[in-house]
Amino acid sequence: MSNSIFEKFTNKFQLSKTLRFELVPQGETLKNILKSGILEKDELRANQYKIAKKIIDSYHKDFINKSLDGLKLTSLIDYLDLYKIQKREDVQKKQFEDVQSKLRKQIAERFSKHPDKSISEKYKNLFAKELIKVDLLDFVKTEDEALVVKGFENFTTYFTGFHENRANMYSSEDKSTAIAYRLIHQNLPKFIDNKGIFEKIKESSVSDNFKKLLNELEPIIQVINVEDVFELDYFNETLTQIGIDKY
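Heads up, the sequence shown is in this note's numbering, so the first residue is 548 and it goes up one at a time.
Below, the structure written as structure tokens:
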């Protein structure tokens, strides 16, 4: 390709530059800001905000584990029967979606309608000022963390957007950011697939090692037989992060 052809596509337009305007304090305004220490306070609060978000996330994890611990999902057998159908008819597809929705709602309602009223009350505070003013102060383990939380007692609106983002985790809707979605649409299919794989392994010579395996796992999982971990009902033991780690 000749240079003349390149020239048709180059140097034909003036360089466009974007003007950037910046509010820079001048004169007495700058002196007053420096004197008052506003910049230092803002920088400190920005750093504390990052720490506070980590504390809140730890609180959410603790709340989720406590909420889902002991939950027994119904309709798991219905899910299994429909999941096994490789090519579902339209009616079966609708039935499968209904079962998925039912299971998601059971999980989501566990947070707001927990049998233990104290947990349900904490759910109400998750996205309110009381989280900062009350619940987090009871949750933190160190004096340093308590000081960070107390620093936002009068600035709870800082977390409005953060709360809205975290609220999505507790939704029963078909959303990938929701806990219920991840459990039912991602973890449950994997659990069932693993169950199928185990059924094949159980018929092999590997099963000769099951007793030894059970003894080694005894400090981690409390089951009578290795097979128990692959029973459908055991999925209820994997609803919390602690249960998932054990599984």
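Note that CB positions come from ideal geometry on N, CA and C, so glycine has one too.
Using a Cβ distance threshold of 9 angstroms, N715 and T785 do not count as a contacting pair. For T707, the closest alpha carbon among the candidates F738, I739, L673 is that of L673. In this model, A655 and S752 are separated by some 42 angstroms (Cα to Cα). Annotated three-state conformation of Y717 is helix, per DSSP. Between E774 and K749, the beta carbon gap of about 7 angstroms places them in contact (Cβ cut-off 8 angstroms). Here the C-alpha atom of L779 lies approximately 11 angstroms from the C-alpha atom of P736.
Annotation: the continuous alpha helix (DSSP H) that includes S667 extends over 664–672. Rounded to the nearest angstrom, the Cβ distance from Q647 to I731 is 6 angstroms, consistent with a contact under 8 angstroms.
A residue is called buried once 16 or more other Cβ atoms fall within 10 Å of its Cβ, and F777 is buried on that count.
Non-local C-beta neighbours of N612 in its own chain, meaning closer than 7 angstroms and more than five positions away in sequence, comprise T787, Q788, I789, ordered along the chain. Bounds of any alpha helix (DSSP H) do not take in D755, whose DSSP letter is neither H nor E.
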